[in-house]
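Step one of this worksheet: look at the structure below.
Residue numbers (full-length UniProt numbering): 1 to 1261.
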């Protein structure tokens, strides 16, 4: 992997677009180059840009740091967190980007791009989410995928994660310099961050927590096993007997409730049938009454039928009456209209004469006015020409007048500005006189501010070091007390451990565990035997129950089959009997209808009159006009016979329907019984196989199931019950033995646990003692470091103080600092300098403005004078033209006044046109009035002729109508009433009468059917009353049957609910007993398995586990540091052969130095000089790069600072080492301020500060 090029824009101080080509040009030819520039110019920003383009991260802003405070001004709403990489965007810029071209491990060229922008591309917009893309430079194809997928692809191409990249490419020798001088805790944190060993601490915590969780599970299982309650065989047998007794009682109550429901239904049905019969009787009486009341309606229908021939003449009579009334109205209206039309004709004649007179007057007035209008037209044209000249002059005058006003306004504004600038010039000169003592400081304000910052920083550092020194001295005193207390605790723990070892020896835990295993085996054998007996008992009981249910179903099937056979035989015999009965019924009905046809003539006998011929036979003698006894007697006998046959048909049909309904119900029940028998046989087959296996285990014959005998089954069940009780007693004995052994083992485990805790406490005490010793050494080293740092800060303090005295010319700055404080003084100084510089700049701008205003004022004054002269000339011309216009206007007024000539001419022409139009309209109205009078006279004559014709027709219709009244013997009102009923009304009335006849027949039939139903149901109702008398219940109809039976039903339902509750509780206790027995066996197995799991994780936690994660982390970091030291010593052979690194014995994270020139003397890393420390940290950084990745595959390395502490020889040696590294094909970039180093390296990437927080990049060499 190699970096080929870097591009970017608006990244911190690098605001201009830049591009660095590492593969081409001078950088491409150089394997070693320097990155130079002032502090803050943007050198490290280049390394940040590389990381941004590749990983969207910056080493200086690691995401795992807790610096998540939001930065920005107080009034900004678009703040971002301090560790957000988007904060690298230059302030005041809308967007920025970083772009890297690199060579992947497979030899392909790629381009990674990172881009960030603000909303709406405005500098004050809210900053948006960063965007990334990846492009193959060989094919031009971009990688398609989400951000996480893109990061995965980049890591695959480079072969490094971000953490590996920043350790292998961005060598962190600065962190190793801090690592060499840090304390134990800080050293562990630095090493973990540099090597990426966070996983070891998490593994240590996980092992500790897993061991704790497994121990809790073991404790829970032990508690569960102690909470289980078991029942003996006697208790189970007693519960089973109570259960069977309650079941028998429940069955009896169910049978009683079923009988109660059946009898209640029978009595309620009887009451319902009686009510229905009474309703049918009432309905029949109502139908008979309505039939009798309808006799007048039938008579009316007969009369309406006789009157129908007169309907045509009745219609003609009404039609002619209506026509005559309409004709009389029309004649009256025509006479009135004729009178009105004649009056309108007279009025039209007068209007025509008036219109002719008005037209003559208008024509005479126009002939007098026309010559005057021609003369006025000439004067108006002269006046308009004069007015146009005057308007043109006035417009030009107004325009020049506006120009003069604008020039005058501009002149006044310029004079006002001149006065303001002169006033401001005077004020600024006075203001600058007040700050004359800051003139020298303002010119070099930034150096002065830098010196003040360094002075104050050194002062604060000295205070902090003094405070830290006092705190360390206090901690040393507290540590001495803790060390003495720790020794006392170690002695007490040793004594407790000796006592526990003696108790464990006496207990012999292994022997107790063997006894528990033997008891467990015997317990399991007995438990298996008991389970087999229970399976045999349960299977045999279920087998016997199935046999009993099968016998019941077979008996029911036989009874049902016999009943269905009887039903089919009865249906077969009933069919021919019903056919014969229907034939007799049809014959009787035919005879009855014939007799009834004769009797129907009785309706006409009542209309016969004495001495009047009969319409049917012509006889004048009517012997049966009133009575016909022989015919009525015969008709009554036939009707009685027909009713009897109809009743027999209904009875036979009812029996047939009942049998046909019973037949499918019985067949359906028979199919259900067959299905139940088939299901029982299948269930017996399923039950038989496991039952045979159990019987074979008990070495019993299969005859129990092949040819079952109830007595034999009961004997066998009693034997098995005795065997089960004996097995249960044996199990109780084994369980007691196991509980005793478990108590002994638990006591031993408890002792072992106490021993383990004490051992662990002893180990922790040793570790604590070692930590205290390390802390004492570290504090001592830290005190030495504080002294050295204090001396350094004192030197800085003196140097900055001397520089400030030279810049101020005195120590006035120190007095001001002491008087106002650092923050207030610096803030006040900054304000004063800013005021001075801004005032000076504003004074220069003011003088420039005054110089520019002078020629502008002179030009405006000259132009304004010329404008006023032109205005005076135009005023004189306008006065002359105004006099001419006034003279012409006076002549015009003398002729026609001030009226408009065109309007006056149009007015007179309109008057003549209006008069002519009025004359035309009146003449037309005169003609129309004459035409209307002639039309009205013709219409009146027509109406009068129609009236004569219609009157003659009406007289003939009246004569015919009177003839009908006389013929029918009715007056006019009666005849009109009959004819008012139309055909639709007659049809409705006939249908209504027929409905009354049908209702009477239907009511009689329904009454007979309901009486028959009462007779059929009487037997069931009598049986229900007999049942009620057995319980001393007088079941009568005085109150509802449900109310009379409610107390008894409620009592039985309460008894049933109580029995069901007791049965449920007994069953629940038996199920819980079985579950408890089974659960006890399962928990014992789980307890043994959990014991092994707990021991396994306990050992794992003892090896690597700890609550804080320090145990495994320290071990892993020690091994990593050892490997790191081996690789670092290889690089030290080239950088500084005099030295070699070595871990401190007993302190796996501490390092010491072997000085080969001093006879391999062991030295502390704190004793190394600044240059020596840099070489050692550089070797460690190179070693870390070798650990993070195969450096032979890395074509680019960057080293940031540190070379300024080397002497010339060491610097030369370091550069030689870097030359050796770049000779292998790697390109190395060194960031440094050292001029010797820059001169030694031929090619430099210069980051040049341009002021205002901006820098530019140039490649030199």
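Glycine included, C-beta positions come from ideal geometry on N, C-alpha and C.
Being a predicted model, the structure only gives us computed values, none of them experimental.
Here the alpha carbon of residue 856 sits roughly 12 Å from the alpha carbon of residue 417. In this chain, the alpha helix (DSSP H) harbouring residue 950 covers 901 to 968. Distance from the CA of residue 472 to the CA of residue 1126, rounded to the nearest whole angstrom, comes to 34 Å. Within the model, the alpha-carbon separation for residue 420 versus residue 426 is close to 10 Å. Ranked by Cα distance from residue 1069, the first of 1134, 243, 6 and 479 is 243. The straight-line gap separating the alpha-carbon atoms of residue 40 and residue 830 is approximately 21 Å. For the 9 Å CB-CB criterion, residue 94 and residue 123 form a contact. Within the region 284 to 368, the complete alpha helix (DSSP H) segments of 4 residues or longer fall at 295 to 307, listed in chain order. The Cβ atoms of residue 1229 and residue 1257 do not sit closer than 9 Å to each other. For residue 894 and residue 879, the gap between their C-alpha atoms comes out near 24 Å. DSSP, reduced to helix, strand and coil, places residue 28 within a helical segment of the structure shown.
Per DSSP, the unbroken beta strand (DSSP E) holding residue 113 starts and ends at 109 to 117. Pairwise C-beta distances place the region 1167 to 1186 in contact with the region 1125 to 1142, as three or more of them are shorter than 8 Å. By the neighbour-count definition (other C-beta atoms within 10 Å, threshold 16), residue 145 is an exposed residue.
For secondary structure counted as the beta strand (DSSP E) over 3 or more consecutive residues, the region 395 to 470 holds no complete run. Three or more pairs of CB atoms, one per stretch, sit closer than 8 Å, so the region 988 to 998 contacts the region 286 to 296.
Here residue 1241 carries a coil assignment [DSSP, helix/strand/coil].
Distances from the CA of residue 532 to each of 288, 727, 303 and 101 were compared; the closest alpha carbon is that of 727. Partner residues in the beta bridge of residue 1147, as assigned by DSSP, are 1144. Take the alpha-carbon of residue 558 and the one of residue 675: they are about 15 Å apart. Annotation: the continuous alpha helix (DSSP H) that includes residue 1113 extends over 1110 to 1135. Beta-carbon to beta-carbon, residue 645 and residue 581 are separated by about 7 Å, close enough to satisfy the 8 Å threshold. Judged by DSSP in its simplified three-state form, residue 2 adopts strand. Here residue 3 is near residue 102, since their CB atoms are less than 9 Å apart. In the structure shown, residue 1155 adopts extended strand secondary structure according to DSSP, grouped into three states. Setting aside the 5 residues that flank it on each side, residue 548 has no residue in the same chain whose C-beta is closer than 6 Å to its C-beta.
Proximity of the region 375 to 387 to the region 917 to 934 falls short of the contact definition, fewer than three beta-carbon pairs being nearer than 8 Å.
Here residue 59 is buried, its C-beta having at least 16 other C-beta atoms within 10 Å. For residue 246 and residue 236, the gap between their C-alpha atoms comes out near 15 Å. For residue 957, same chain residues with a beta-carbon under 8 Å away, outside a window of 5 residues either side, are 313, 316, 317 and 320 in chain order. In this structure the region 939 to 949 lies against the region 331 to 350, because at least three pairs of beta carbons, one per stretch, are closer than 8 Å.
Following the DSSP letters along the chain, one finds residue 994 inside the alpha helix (DSSP H) bounded by residues 983 to 1030. A direct Cα-Cα distance of roughly 9 Å separates residue 497 from residue 756.
Excluding five sequence positions before and after residue 119, the CB atoms of its chain that fall closer than 7 Å to its own CB belong to 125, 126 and 128, given in chain order.
For a cut-off of 8 Å, the C-beta gap from residue 455 to residue 134 is around 49 Å, too long to register as a contact. For residue 1256, the uninterrupted beta strand (DSSP E) run begins and ends at 1254 to 1260, by DSSP.
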